[in-house]
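Asker:
2 protein chains.
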Amino acid sequence: MLLSKSCVYGLRASLYLASKRGNEYHSLKEISEELEISFHFLTKILQQLTADGYVESYKGPNGGVRLSSNGQNATLFDLVIAIDGPGLFTQCALGLPGCGLQEPCPLHDHWVGARGKIENMLKRMTLNEIAEEGKEKHFRLTAEGEFSWQ
Amino acid sequence: MLLSKSCVYGLRASLYLASKRGNEYHSLKEISEELEISFHFLTKILQQLTADGYVESYKGPNGGVRLSSNGQNATLFDLVIAIDGPGLFTQCALGLPGCGLQEPCPLHDHWVGARGKIENMLKRMTLNEIAEEGKEKHFRLTAEGEFSWQ
DNA sequence: CTTATTTAAGACTTCTTTGTCTGAAATTAC
DNA sequence: GTAATTTCAGACAAAGAAGTCTTAAATAAG
Ligand code: FES
Ligand code: FES
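Going line by line, the protein sequences match chains U and A. The first sequence runs 8 to 157 under the working numbering. The second sequence runs 8 to 157 under the working numbering.
1) Quick one: list the residues of chain U neighbouring Arg19(A), beta-carbon separation under 7 Å, in chain order.
2) Taking the straight line between their C-alpha atoms, what separation do you get for Glu40(U) and Gly141(U)?
3) Considering only the beta carbon of each residue, do Pro113(U) and Ile137(A) sit closer than 7 Å?
4) Is the segment 82-97 of chain A touching the segment 121-129 of chain A, taking contact as three or more C-beta pairs under 8 Å?
5) What residues in its chain sit with their C-beta under 7 Å from that of Pro104(A), if we drop five residues either side in the sequence?
6) With distance defined between alpha-carbon atoms, name the residue in Val15(U), Leu42(U) and Ala25(U) nearest to Asn77(U).
7) Answer yes or no: does any C-beta atom of chain U fall closer than 7 Å to that of His47(A)?
8) List the residues of chain U whose Cβ lies closer than 7 Å to the Cβ of Phe154(A), in chain order.
9) Tell me the DSSP secondary structure of Glu153(A) in three-state form.
10) By the 10 Å Cβ neighbour count, where 16 or more other Cβ atoms means buried, how is Tyr65(A) classified, buried or exposed?
11) How big is the Cα-Cα spacing for Asn80(A) and Tyr61(A)?
12) So, for Lys36(U): in the same chain, excluding its five sequence neighbours on each side, which residues have a beta-carbon less than 7 Å away from its beta-carbon?
13) How would you label Phe48(U), buried or exposed, when you count the other beta carbons within 10 angstroms and need 16 or more for buried?
14) Could you round the C-beta distance between Gln55(A) and Ala89(A) to whole angstroms and report it? I think they count as a contact, below 8 Å.
15) Quick one: what's got a C-beta closer than 7 Å to Leu18(A)'s C-beta in the same chain, skipping five residues either side?
16) Which residues neighbour ligand 2 when neighbourhood means a C-beta less than 6 Å away from any of its non-hydrogen atoms? List them by chain order.
17) Do you know whose CA, among Ala150(A), Lys144(A), Thr149(A) and Glu139(A), lies nearest Arg28(A)'s CA?
18) Let me know the secondary structure DSSP gives Gly60(A) once reduced to three states.
19) Does Pro93(A) come within less than 7 Å of chain U when only Cβ atoms are used?
20) Does Arg122(U) come out as helix, strand or coil in the three-state DSSP assignment?
21) Mind checking if Lys27(A) is an interface residue toward chain U, Cβ cutoff 7 Å exclusive?
22) Among Ile38(U), Tyr23(U), Val15(U) and Lys12(U), which has the Cα closest to the Cα of Asn135(U)?
23) What did DSSP end up calling His117(U) once you bin it into helix, strand or coil?
24) Taking the straight line between their C-alpha atoms, what separation do you get for Lys130(U) and Val15(U)?
25) I need the straight-line Cα distance from Asp116(A) to Ala100(A), nearest angstrom please.
26) In this structure, how does DSSP classify Leu74(A) when only helix, strand and coil are distinguished?
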């Protein structure tokens, strides 16, 4: 798979938070139920994003998580780097070391192009901007699309 | 990672075979040493390609494996499908079910483009054609590039 | 202060991928 | 035939990813 499951869950949860107006906290229970993601697993992923400063958390009743201003202006690329690391954007398609530094493998020129396209796709908009777009276009964040950008 | 390790090993071994003139058999020991891939692991991968008709094998002294005519005219795409399955070319970037059938996720339009670019990269040449190209351009198939297309 | 709610932290289990090992079957050379 | 070489088949082990569970810490409400 292109992205790990942790990463996909992290992106979807971040987009969920971006879709919510105001800056209230949303509980992990709510998010995990809405997006149908294992509660404890999601907890660990969002803890990572909190550590990286994309998400702010608050404990106690009515607590939860929300995007920091950093998070609102982050791109999906930033989140992928935070969760999966930079490998996807630097590594050789054939797994050889030193892509771009040593002699190219047979796929190099083409893979650099495709890889760049993926990078652009993830870099082109901030979470806030994607959320705006989502309100117009009714993008799907869940299997059955029961989630709405309101 | 884009492709599994099994898949990458399978592609590299197939390109190795394509680089060899004539239709002699090459032993798995030779291939695994040249390409620095675990012998037993490579064995299993090539057994799969044999079962799928891309590779022919012969037992006994001076035995080994070689590309079938199907294999020589196969593309890397064919081999990826055989080893990793079609998931990379059909699945949603956010892991949602029914990509292309249900409402699109926020990445869909862009992912379809990038995915197509990857597909084209893998489909554009047969193993034989890549081997020809490799002889001109000295592509790398190993970490240090000690392999030569001769 | 007590209780309920919520995130934080980390141990633990399960599943998949990756890699290793052993023995059987086919083939060749002597 | 016997021994050596090679693929075939499948059990097994190690490592990583994915998912579960328990306890602790912070906060709010009564
Ligand atoms: S060397 Fe293989 S993709 Fe760059
Ligand atoms: S629905 Fe997500 S990429 Fe197609």
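In this text, a Cβ means the ideal position worked out from N, Cα and C, and glycines have one as well.
Answerer: A quick look at the data gives this:
1) Locating residue 19(A) in the second sequence gives position 12, where the first residue counts as 1. Neighbours of Arg19(A) on chain U, chain order: Leu101.
2) Against the first sequence, residue 40(U) aligns to sequence position 33. Against the first sequence, residue 141(U) aligns to sequence position 134. Here the C-alpha atom of Glu40(U) lies approximately 20 Å from the C-alpha atom of Gly141(U).
3) By 1-based counting over the first sequence, the position of residue 113(U) is 106. By 1-based counting over the second sequence, the position of residue 137(A) is 130. Contact: yes.
4) They touch, by the three-pair rule.
5) Numbered from its first residue, the second sequence carries residue 104(A) at position 97. Result list for Pro104(A): empty, nothing under 7 Å.
6) By one-based count along the first sequence, residue 77(U) stands at place 70. When each option's Cα is compared against that of Asn77(U), the closest is Ala25(U).
7) To locate residue 47(A), count along the second sequence from 1; it is residue 40. By this cut-off, His47(A) is not an interface position.
8) The residue labelled residue 154(A) in the question sits at position 147 within the second sequence. Neighbours of Phe154(A) on chain U: none; closest Cβ ~10 Å, over 7 Å.
9) For the purposes of this step, residue 153(A) is taken as residue 146 along the second sequence, with counting starting at 1. Coil at Glu153(A), not helix or strand.
10) Taking the first residue of the second sequence as 1, we reach residue 65(A) at position 58. For Tyr65(A), the number of other beta carbons within 10 angstroms of its own is below 16, and it is reported as exposed.
11) Here residue 80(A) refers to the residue found at position 73 when the second sequence is read from its first residue. Here residue 61(A) refers to the residue found at position 54 when the second sequence is read from its first residue. So the two alpha carbons sit approximately 9 Å from each other.
12) For the purposes of this step, residue 36(U) is taken as residue 29 along the first sequence, with counting starting at 1. Hits under 7 Å: Phe46.
13) As a first step, residue 48(U) must be located in the first sequence, where it is residue number 41. Counting Cβ neighbours within 10 Å, Phe48(U) comes out exposed, since fewer than 16 surround it.
14) Taking the first residue of the second sequence as position 1, residue 55(A) is located at position 48. Taking the first residue of the second sequence as position 1, residue 89(A) is located at position 82. At roughly 7 Å, the Cβ-Cβ gap stays under 8 Å, so Gln55(A) and Ala89(A) are in contact.
15) For the purposes of this step, residue 18(A) is taken as the residue at position 11 of the second sequence. Within the same chain, and ignoring the five residues on either side of Leu18(A) in sequence, the residues whose Cβ sits closer than 7 Å to its Cβ are Leu83 and Leu86.
16) Cβ-based neighbours of ligand 2 within the cut-off: Cys99(A), Ala100(A), Leu101(A), Leu103(A), Cys106(A), Gly107(A), Pro111(A), Cys112(A), Leu114(A), His115(A) and Trp118(A).
17) Start at 1 with the first residue of the second sequence, and residue 28(A) comes out as number 21. Answer by Cα proximity: Glu139(A).
18) The residue given as residue 60(A) occupies position 53 in the second sequence. Under the three-state reduction of DSSP output, Gly60(A) falls in the coil class, being neither helix nor strand.
19) Taking the second sequence and counting its residues from 1, the one referred to as residue 93(A) is at position 86. For Pro93(A), the answer is no, since every Cβ of chain U falls outside 7 Å of its Cβ.
20) As a working note, residue 122(U) is residue 115 in the first sequence. In the three-state reduction of the DSSP assignment, Arg122(U) falls in the helix class, which pools H, G and I.
21) Here the question's residue 27(A) lines up with position 20 in the second sequence. Not one chain U Cβ lies under 7 Å of Lys27(A).
22) Along the first sequence, read from residue 1 onward, the residue named residue 135(U) stands at position 128. Distance check between Asn135(U) and each of Ile38(U), Tyr23(U), Val15(U) and Lys12(U) places Tyr23(U) closest, using alpha-carbon atoms only.
23) Here residue 117(U) is taken as the residue at index 110 of the first sequence, counted from 1. His117(U): helix per DSSP, three-state reduction.
24) What you label residue 130(U) is simply residue 123 of the first sequence in a count that begins at 1. What you label residue 15(U) is simply residue 8 of the first sequence in a count that begins at 1. Near 15 Å, if we compare the C-alpha coordinates of Val15(U) and Lys130(U).
25) The residue labelled residue 116(A) in the question sits at position 109 within the second sequence. The residue labelled residue 100(A) in the question sits at position 93 within the second sequence. Distance between the alpha carbons of Asp116(A) and Ala100(A): 10 Å.
26) What you label residue 74(A) is simply residue 67 of the second sequence in a count that begins at 1. Look at Leu74(A) here: in three-state DSSP terms it is strand.
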